[in-house]
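**Student:** Can you read through this structure? Questions will come right after.
Residue numbers (this note's numbering): 2 to 70.
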């Protein structure tokens, strides 16, 4: 079993996010710093509206970001 397939939770979306949007996850986590005081769904909306990220990917990024705080 590869390491990538054993990743669980929001991080399991990271390879797809990087492939789909062409930027590393670190880029999106930095973008979330600009809205760090917003609620979860407001942060999701920010990624969707300002960066055209799909709902599932945005939600995974926000969940990971908030878990790190």
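Where is the CB? At the ideal position from N, CA and C, for every residue including glycine.
1) Rounded to whole angstroms, what's the CA-CA distance from residue 47 to residue 32? Just pull it up for me.
2) Cβ of residue 30 within 6 angstroms of any heavy atom in the ligand NAD?
3) Where does residue 58 land, buried or exposed, given buried means 16+ other C-beta within 10 angstroms?
4) Grab me the residues of residue 68's own chain with a C-beta within less than 8 angstroms of its C-beta, minus the 5 sequence neighbours each way, in chain order.
**Tutor:** Inspection of the coordinates gives the following:
1) Position 46 of the chain shown holds residue 47. Position 31 of the chain shown holds residue 32. Approximately 9 angstroms, taken between the alpha carbons.
2) The ligand NAD is not part of this structure, which contains no ligands at all.
3) Walking along the chain shown from the start, residue 58 turns up at place 57. It is buried - the Cβ of residue 58 has at least 16 other Cβ atoms within 10 Å.
4) Start at 1 with the first residue of the chain shown, and residue 68 comes out as number 67. Excluding five sequence positions before and after residue 68, the CB atoms of its chain that fall closer than 8 angstroms to its own CB belong to 11, given in chain order.
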